[in-house]
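Peer 1: At position 175 of the sequence shown (counting the first as 1) the number is 176 in my numbering, and the numbers step up by one without a gap. A virtual CB, placed ideally from N, CA and C, is assigned to each residue, including glycine. Computed from a prediction, not measured in an experiment: that's the story for all the values here.
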Amino acid sequence: MYDAHTVLGDRRLRLPPSARAAEDDHAAPRRRGEPLVRIELLVRIEPLVRIEPLVPGWVPAVKRSTATRTAAAVSAGTVSVLLASAGGCGSDGGGGQVTDAAPADAGADRGRPSTQPEWKPEEPPSPLEGWKILSEYDISCGFYYATERKYLPPPVEWEPCSVITDAANLTDAGTSGPPGMVCERMATPWAASGQAGGAVYLRSVHVEDAQAYLLLDRVLPTGAGFTMVAEADGPVHTALYDSGSCRTSGSDVARFGHILLRVYDSPGTETRIGGAIGGSFEGLKPRVYFPKGHQPSSFYSHEYAVGRSLFIEAAIPDRVYSFATGELVATISPKGEDKDLYYSRYRFQEDTLYWVGATTRRSAVKVWTKERGIFTLLDDGRDVTRGVESFTTDGIDMVWLEGRGRTNFDSLVFDAYEHWTAKYSLDPATVNATKRRVRSEPRAAWGHRYAVGCGYAAIQSYPEIPTGWGQSGFRLIRLSDGRSWPILDDSEAQQGELHFAEPLGITCEHVYLHAWSSYANTEAVRIRLDSLGEGIAPD
């Protein structure tokens, strides 16, 4: 496989995206009997052994040295590079040593320091006015950033959930929830009816100072699109335009004023090799925190979590870095009493890191701070009949699921599940002394994350009696008294039309959710808390 570069001996020849034979073996397998792809590149061979591709529209801005005149005896030839889309990944280029073909009278120039700049490909023209390519990562990825705020995408727009943009073959099955519930979906005015794309994907929601900041993908009908941080009812703060062969992960997060995007350098491959880019909500040009090809992950999907000034890369070993400097701050790994636990699914509250360490035998809520290191906040000691999961906090309330009555010690499946809460504290003794049960969960969303805010918690949930078609939705819980609002699909047709999935954030006015629909695939929705009615009392 040859990606952004093709190697000739020990020289590296950069090819533009248009000249690549295939993105990868999985995306463009060579069919039986299909000839190898031959790309003819004209090159000049100079005494400094600089190879300059002369592909139309991709001309490097490099001045030639005076020594080039003495190389007239060597005519510009044609270098044939055979690129096969199958079986090429392990090749070192197949070429012999590239030698200096200049005549002897150029030898004096060899002993002098070169005054020529390092060769770099000329930046391609931007597809958008006022946007510039992020060349620091890789030009072939096609990442662009706005040079001024006036070029950022327009703000988010909302419309009633009942609005169907393409109803040609659909019936309006309505929206789940109590009568009078006010539901809004994010509008897609850029979408073209009947075309692919034109969707939104809500990745994360961060609430600070009563403002909801949304990290979302705005996908255009062309397949390109923006990954951006926008206020729910305000301006777009920053955006990245993705038009190339690389993609960013759907599990990316933007919290506490920072965004971090994991890059997949070659989408569709099993190795998922990639770096990371990000920065401040208020910054326009992303910073490259990890370069292209940084992190392979063939057996699990590593991810990032974002704090106020720190972030963590979960990639075994898990490492905490500084946003300001990019320097390593700490390494997180199970030690001592936790050697039997698996650390994963990290989350920050400011710069305090928390997670649930678990195995099929036991689980515990763990915390790390720069000052204290790793310590246990919640666990059940040696009582393996109980377990804890889904711990989340907004810095005011803490909430988690507890399971009890386990008899099969080879799995984390329990006889009963309950919602628990406590006021925020990093003192284990205080948490254990003040924690309280909120209510039961008929069928636990074990492993799902809560959204917590303004005295409420919400989590993906299921009905007490399962349906044959897989009814589901979410439960909103008022933590002060345990009153809750289960919002579940009312019918299979309704589930197929607009299905509420994962709650991502809560303000004092709305709960924000990722949803699915049959007319736009992914959806971003919000529901007014004061439109849900009386709810149900706790048990």
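So what's Gly108 in DSSP terms, helix, strand or just coil?
Peer 2: Note on Gly108: pLDDT 37, under 50, position unreliable in the model; the coordinate value appears next. Reduced to three states, the DSSP call for Gly108 is helix.
Peer 1: Where Gly443 and Thr408 are concerned, what is the direct C-alpha to C-alpha distance, given to the nearest angstrom?
Peer 2: First, the residue type needs correcting, since residue 443 is Pro and not Gly in the sequence shown. Their backbone Cα atoms lie some 18 Å apart in a straight line.
Peer 1: Could you check whether Leu499 and Cys162 sit closer than 8 Å to each other, using their CB atoms as the reference points?
Peer 2: Yes. Within cutoff.
Peer 1: Helix, strand or coil for Gly178? Go by DSSP, reduced to three states.
Peer 2: Three-state DSSP puts Gly178 in coil, outside helix and strand.
Peer 1: Rounding to the nearest angstrom, what Cα-Cα distance links Asp341 and Trp401 in this structure?
Peer 2: Their Cα atoms are separated by approximately 22 Å.
Peer 1: So the alpha helix (DSSP H) Val432 belongs to, where does it begin and stop?
Peer 2: 429-435 is the extent of the alpha helix (DSSP H) around Val432.
Peer 1: Do you know how far the Cα of Leu477 is from the Cα of Pro487?
Peer 2: Their backbone Cα atoms lie some 6 Å apart in a straight line.
Peer 1: First and last residue of the beta strand (DSSP E) that includes Gln472?
Peer 2: No beta strand (DSSP E) contains Gln472, which DSSP labels as neither H nor E.
Peer 1: Under 8 Å between the Cβ atoms of Gly181 and Ser244?
Peer 2: No. Outside cutoff.
Peer 1: What's the gap between the Cα of Arg256 and the Cα of Val321?
Peer 2: So the two alpha carbons sit approximately 16 Å from each other.
Peer 1: Go ahead and pull the three-state DSSP assignment for Arg113.
Peer 2: Its pLDDT being 44, under 50, Arg113 is placed unreliably by the model, and the measurement read from it follows with that caveat. Here Arg113 sits in coil by DSSP.
Peer 1: If you follow the alpha helix (DSSP H) that Gly497 is part of, which residue opens it and which one closes it?
Peer 2: Counting along the chain, the alpha helix (DSSP H) containing Gly497 begins and ends at 493-498.
Peer 1: Among Asp210, Arg346, Arg204, which one has its Cα closest to the Cα of Val220?
Peer 2: For Val220, the nearest C-alpha among the options comes from Arg204.
Peer 1: Identify the residues that DSSP records as bridge partners of Arg405: which are they?
Peer 2: Its beta-bridge partners are Ala417.
Peer 1: For the beta strand (DSSP E) holding Ala516, just list the boundary residues, first then last.
Peer 2: Run containing Ala516: 511-518, per the beta strand (DSSP E) assignment.
Peer 1: Quick one: Cα of Ile537 to Cα of Gly404, how far?
Peer 2: Answer to the nearest angstrom: the Cα atoms are 22 Å apart.
Peer 1: Give me the Cα-Cα distance between Leu514 and Asp531, rounded to the nearest whole angstrom.
Peer 2: Each residue's alpha carbon lies about 16 Å from the other.
Peer 1: Which residue or residues does DSSP assign as beta-bridge partners of Gly369?
Peer 2: Note on identity: in this sequence residue 369 is Trp, with Gly being the wrong assignment. Looking at the DSSP assignment, Trp369 forms a beta bridge with Leu354, Ile375.
Peer 1: When DSSP builds the beta bridges, which residues end up paired with Pro504?
Peer 2: Looking at the DSSP assignment, Pro504 forms a beta bridge with Leu514.
Peer 1: Consult DSSP for Arg248 and reduce its assignment to one of helix, strand or coil.
Peer 2: Reduced to three states, the DSSP call for Arg248 is strand.
Peer 1: How about Glu503 and Gln472: are their beta carbons less than 8 Å apart?
Peer 2: No, the Cβ-Cβ distance between Glu503 and Gln472 is not below 8 Å.
Peer 1: Give a yes or no on whether the C-beta atoms belonging to Ala604 and Gly358 are separated by under 8 Å.
Peer 2: Not covered by the structure: residue 604. The range shown for the chain is 2 to 540.
Peer 1: Where are the beta strand (DSSP E) runs, 3 residues long or more, that stay fully inside the segment 185-261, in chain order?
Peer 2: Listed in chain order, the complete beta strand (DSSP E) runs (minimum 3 residues) inside the segment 185-261 are 201-209, 212-220, 226-232, 237-243, 254-256.
Peer 1: Put Leu530 into one of helix, strand or coil per three-state DSSP.
Peer 2: Looking at Leu530 - three-state DSSP - the assignment turns out to be helix.
Peer 1: Less than 8 Å between the C-beta atoms of Val307 and Leu261, yes or no?
Peer 2: Taking 8 Å as the Cβ cut-off, Val307 and Leu261 qualify as a contacting pair.
Peer 1: Tell me, which residues are paired with Phe349 by DSSP?
Peer 2: In the DSSP output, where bridge partners are listed per residue, Phe349 has Leu354.
Peer 1: Can you tell me whether Arg479 is helix, strand or coil according to DSSP?
Peer 2: Correct three-state label for Arg479: strand.
Peer 1: So, helix, strand or coil for Tyr152, using DSSP?
Peer 2: Reduced to three states, the DSSP call for Tyr152 is helix.
Peer 1: With a threshold of 6 Å on Cβ separation, who are the neighbours of Lys286 within its own chain once the five nearest residues in sequence on each side are excluded?
Peer 2: The answer, listed in chain order, is Tyr146.
Peer 1: So is Glu383 buried or exposed if we call it buried at 16+ other beta carbons inside 10 Å?
Peer 2: The identity of residue 383 in the sequence shown is Arg, whereas the question assumes Glu. The residue is exposed, with fewer than 16 neighbouring Cβ atoms inside 10 Å.
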